[in-house]
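First residue of the sequence shown: 1454, per this note's numbering; consecutive thereafter. The beta carbon of each residue, even a glycine, is placed where N, CA and C say it ideally should be. Treat the numbers as computed from the prediction; the structure is a model and nothing was measured. To keep things clear, I will list the structure first and then write my remarks on it.
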Amino acid sequence: MNKYMEEFEAALNKVTEKVLDEAGYETDNVHRKLANYGRILMDLAVTTKNDELSNIMSRVGDALTRYGTTFGPRSLEELVKKTETTPNVIKKLLAHAENVAKSQSAISTDHEQGGLDDEGDDEFTQASDDEMAAMADKAARSAS
1454 MNKYMEEFEA
1464 ALNKVTEKVL
1474 DEAGYETDNV
1484 HRKLANYGRI
1494 LMDLAVTTKN
1504 DELSNIMSRV
1514 GDALTRYGTT
1524 FGPRSLEELV
1534 KKTETTPNVI
1544 KKLLAHAENV
1554 AKSQSAISTD
1564 HEQGGLDDEG
1574 DDEFTQASDD
1584 EMAAMADKAA
1594 RSAS
């Protein structure tokens, strides 16, 4: 069990090291990040087809949103006990939630910078005049 605890703490430190560095080791930001990962896991649990995995994701997600609060888990041991899962599974779910958070952030940043165009009226979605003329010629030839 101690090996799992060490692995989990190392994984958690890796996941949260950027936040810790930016925040000057303020735990509030760590708790916000864990809560965000918890919400991501709960959102993913809704669309997961495997019921057992969905239940684990929602339990871990719920516990992460309450991590460090009065009635929430305050350590890995409490998190394992409250979620009824292993530290290894929790570590994998945290890593998955981190990857999802990174990709959501990248998409959001790309959209803010004008990379995602949801208008649908650019030059790639409408036929050019030459293409329209070629289609009209083709239709005329097939009609005669």
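Within the same chain, no Cβ atom closer than 6 Å to the Cβ of R1485 is found once the five residues on either side in sequence are excluded. Going by C-alpha positions, L1517 is about 24 Å away from I1560. Contact check for Y1490 and A1554: beta-carbon distance about 7 Å, within the 8 Å limit, so the pair qualifies. Distances from the CA of P1526 to each of R1594, A1488 and K1456 were compared; the closest alpha carbon is that of A1488. The count of Cβ pairs closer than 8 Å, one atom from the region 1508 to 1515 and one from the region 1536 to 1549, reaches three, so the stretches are in contact. By the Cβ neighbour-count rule, V1513 is buried, with 16 or more other Cβ atoms within 10 Å of its own.
The continuous alpha helix (DSSP H) containing K1535 extends over residues L1529 to T1536. Following the DSSP letters along the chain, one finds T1523 in no alpha helix (DSSP H), marked with neither H nor E.
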